[in-house]
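Report on the structure given below.
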DNA sequence: CGGCGCTTTGACGATCCTCAAGCATCGTGG
DNA sequence: CCACGATGCTTGAGGATCGTCAAAGCGCCG
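Protein chains in written order, with the working numbering: chain F, 2 to 237; chain A, 2 to 237.
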């Protein structure tokens, strides 16, 4: 019986095996007998732009990994306003905070672009993490990254002007979404003006004026969701 | 030999056993053979107010726990400015971010009050965490708490005015440091005006004006580092 | 066409940053 | 004992930025 089990485990390929982010996957350390368990708790799903993966206040249903696309994590406040806490790109996991903290989701996850999401159910993820120190270690590393991101954001909020932070945000988005021509990069913004405002932490009217001021500075060309920028401004 | 080892382990009391925070300690799950190892890597030290525990950019020397007092974690920026990232109170651990992230300290830790600090050396902490899933789990919980704190701060920065955030900060400090009379609470601020400014994220001049405005609102009485407030304002 | 959501623009007051100056406290050295 | 400088805190003035309220433009879809 034990032999049979071991044989079955060896036959099962890792569910992340064909993913571009397999090497860095939180579940990569899972092997042996735990592998079929992981596979049974594993599923993929496609999200259209605008579709919600989980809502704020919901109980945790698992640990999610963005396989492709882009997901926004947003915190809704009592007064109806909201703050965009994070953009989750392919290879990044989401929902792990409420998973590890054993608490309801503190943010809403919504796809900004058509996205593929891989899910490990709460039950299976809990079992794997309890048995597999490697997976736990990698989860902790993701926590550290989130702390680093948050601290960087706190610092830049306290240090830089809103205009500077918006310019920096556009540069980062340009690296991730831009297409390079000869001397220019162009992109289609994955975010609405209101999303940008919620990400920088200003009112929509101020965001509109910030964009106009950035254009006047001559570095960015912005029309609707289309943005362009000289290549030389990438590193600045 | 094995028996001898087991007997020795059973004889060794947990280094945190007499600490008020033993039950929640990151090292509480350590037992058996690992206990004497932990004890050998364990040390206590006293810090005077203003003394530095570790500097920004230094290599990690261990995981620290605030046993008593108060420690400020500060991030220094290239332009000479700095941001107060966190106040660490008794029972909280510090230095775990660079420990888990295997990177130099990103903040400076400085005692704001005379403090007792317990240290587990880097080598021993790494050994314990690799062997003891319970300790790793508790470390991850501390990471989650830090993420929660950071997100709360990001949200309140984006949502509330500096005056509101300062009032909220003073209320929290009052709960932790205040002495209650009949209808008033009084405290001696553990922070300088510049520390307050670095914590709220404004210039020292603005902090001075914010304090004056709070006084004019009639809730707080502030003279130097002495602050008073009616008991009724605690929950507001 | 009309309504709706998103975005922009204008006007005004509130808040903040910067530069500059003034004030208090404290420790040191003459 | 006092002059002195260092440090921390406060105050003032002026310009820049932001929030708020209101209104208008614009694209989209029923």
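All residues carry an ideal CB built from backbone N, CA and C; glycine is no exception.
Do residue j and residue i come within 8 Å of each other at the CB atom, strictly closer than that value?
| i | j | result |
| --- | --- | --- |
| residue 113 of chain A | residue 73 of chain A | yes |
| residue 221 of chain A | residue 208 of chain A | no |
| residue 18 of chain F | residue 132 of chain F | no |
| residue 84 of chain A | residue 156 of chain F | yes |
| residue 121 of chain F | residue 33 of chain F | no |
| residue 136 of chain A | residue 30 of chain A | yes |
| residue 118 of chain F | residue 46 of chain F | yes |
| residue 125 of chain F | residue 94 of chain F | no |
| residue 134 of chain A | residue 101 of chain F | no |
| residue 70 of chain A | residue 111 of chain A | no |
| residue 116 of chain F | residue 48 of chain F | yes |
| residue 27 of chain A | residue 139 of chain A | yes |
Can you tell me whether residue i is helix, strand or coil according to DSSP?
| i | result |
| --- | --- |
| residue 3 of chain A | Interpretation of residue 3 of chain A is limited by its pLDDT of 46, a score under 50 that renders its predicted location unreliable; the figure taken from the coordinates is listed afterwards. Helix at residue 3 of chain A. |
| residue 129 of chain F | helix |
| residue 55 of chain F | strand |
| residue 184 of chain F | coil |
| residue 198 of chain A | helix |
| residue 113 of chain A | strand |
| residue 99 of chain F | helix |
| residue 89 of chain F | strand |
| residue 27 of chain F | coil |
| residue 236 of chain A | coil |
| residue 120 of chain A | strand |
| residue 108 of chain F | coil |
| residue 40 of chain A | helix |
| residue 18 of chain F | coil |
Closest Cβ-Cβ distance between residue i and chain F: below 8 Å?
| i | result |
| --- | --- |
| residue 209 of chain A | no |
| residue 7 of chain A | Residue placement at residue 7 of chain A is poorly supported in this model, since its pLDDT is 49, which falls under 50; the coordinates still yield a value, given next. It does not; no Cβ of chain F falls within 8 Å. |
| residue 223 of chain A | no |
| residue 165 of chain A | no |
| residue 26 of chain A | no |
| residue 193 of chain A | no |
| residue 148 of chain A | yes |
| residue 77 of chain A | no |
| residue 94 of chain A | no |
| residue 128 of chain A | no |
Taking the beta carbon of residue i as the centre, do at least 16 other beta carbons fall within 10 Å, making it buried, or is it exposed?
| i | result |
| --- | --- |
| residue 20 of chain F | buried |
| residue 182 of chain F | exposed |
| residue 97 of chain A | buried |
| residue 104 of chain A | exposed |
| residue 88 of chain A | buried |
| residue 224 of chain F | exposed |
| residue 204 of chain A | exposed |
| residue 166 of chain A | buried |
| residue 184 of chain F | exposed |
| residue 175 of chain F | buried |
| residue 86 of chain A | buried |
| residue 171 of chain A | buried |
| residue 106 of chain F | buried |
| residue 108 of chain A | buried |
| residue 4 of chain A | Legend: pLDDT at residue 4 of chain A = 49, less than 50; position of this residue unreliable, value from coordinates given subsequently. Exposed is the call here. |
| residue 79 of chain A | exposed |
| residue 214 of chain F | exposed |
Between residue i and chain A, is the shortest Cβ-Cβ distance under 8 Å, so that the two count as touching?
| i | result |
| --- | --- |
| residue 101 of chain F | yes |
| residue 196 of chain F | no |
| residue 160 of chain F | yes |
| residue 98 of chain F | yes |
| residue 169 of chain F | no |
| residue 213 of chain F | no |
| residue 2 of chain F | Model confidence at residue 2 of chain F stands at a pLDDT of 46, short of 50, so the residue's coordinates are unreliable and nothing is read from them. |
| residue 154 of chain F | yes |
| residue 185 of chain F | no |
| residue 58 of chain F | no |
| residue 140 of chain F | yes |
| residue 202 of chain F | yes |
Over what stretch of residues does the beta strand (DSSP E) that includes residue i continue unbroken?
| i | result |
| --- | --- |
| residue 227 of chain F | 227 to 231 |
| residue 70 of chain A | 63 to 77 |
| residue 1 of chain F | In this structure chain F extends from 2 to 237, so residue 1 of chain F is not present and cannot be described. |
| residue 169 of chain F | Premise fails: residue 169 of chain F lies in the alpha helix (DSSP H), 163 to 178, not in any beta strand (DSSP E). |
| residue 222 of chain F | 222 to 224 |
Between which two residues does the alpha helix (DSSP H) harbouring residue i extend?
| i | result |
| --- | --- |
| residue 135 of chain A | 134 to 160 |
| residue 209 of chain F | 205 to 218 |
Answer yes or no: the CB of residue i versus the heavy atoms of the ligand NAD, is any distance below 7 Å?
| i | result |
| --- | --- |
| residue 16 of chain A | This structure does not include the ligand NAD; it has no bound ligands of any sort. |
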